[in-house]
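First the structure, in the form of structure tokens, and then the observations on it.
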Amino acid sequence: MARKNRKKKVSANGAAKSGTMATNRRVRYDYHLLDDFEAGLVLKGSEIKSIRDAKVDISNAYVRISDGEAWLVNAYIAPYEAAGVWTQHEPLRERKLLLHRKEIEFLRGRVEQQGLTIVVQRIY
């Protein structure tokens with residue numbers, strides 16, 4: 050029995066609603082990847098809408114650890130056009146990463162002792 054073709058859910062501008070919203074394909078060529086971590090992001094409402102529309106650039110993004118917290122730096126999330134002036138976000142602001150304390154300490158030790166860089170592979 051043949052399967053029916055299933056349509057992919059898309060947003061108003063044609064971007065995929067689920068799955069990967071941004072990928073940094075250059076990371077695998079420029080860096081030797083040792084470990085993978087998955088972290089949450091603290092975002093504002095207009096940032097969530099822009100990410101769902103796949104208006105994100107993480108090609109220059111990296112993670113900085115300061116004061117026992119992990120921060121996503123240099124990730125560009127485009128302003129959401131439908132948001133008002135007062136609710137708009139800053140496109141290049143630092144965003145807090147949600148990681149367990151042990152993961153942050155592990156990463157901080159790797160960065161300080163071995164001189165490694167924490168880069169972003171994808172946002173989904």
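Each residue of the sequence shown is one higher than the last, beginning at 50 in the numbering used here. Here a beta-carbon is modelled for each residue, glycine too, at the ideal position from N, C-alpha and C. Predicted model only: the values in this text are computed from it and were never measured.
Can the beta-carbon of residue 88 be found less than 7 Å from the beta-carbon of residue 147? As a working mapping, residue 88 is identified with position 39 in the sequence shown. As a working mapping, residue 147 is identified with position 98 in the sequence shown. The answer is yes: Cβ separation under 7 Å.
Discussion item. Between the segment 103-123 and the segment 144-162, can you find at least three pairs of beta-carbon atoms closer than 8 Å?
Written reply: yes
_Quick check: residue 144 and residue 121, are their CB atoms within less than 7 Å of each other?_
The residue labelled residue 144 in the question sits at position 95 within the sequence shown. The residue labelled residue 121 in the question sits at position 72 within the sequence shown. Closer than 7 Å, so yes.
task: Give every residue of the same chain whose Cβ lies closer than 8 Å to the Cβ of residue 100, excluding the five residues on either side of it in the sequence, and list them in chain order.
output: In the sequence shown, the residue the question calls residue 100 occupies position 51. The answer, listed in chain order, is 70, 71, 92, 126, 172.
Item checked: For residue 115, the three-state DSSP class (helix, strand or coil) -> Position 66 of the sequence shown holds residue 115. It is a strand residue.
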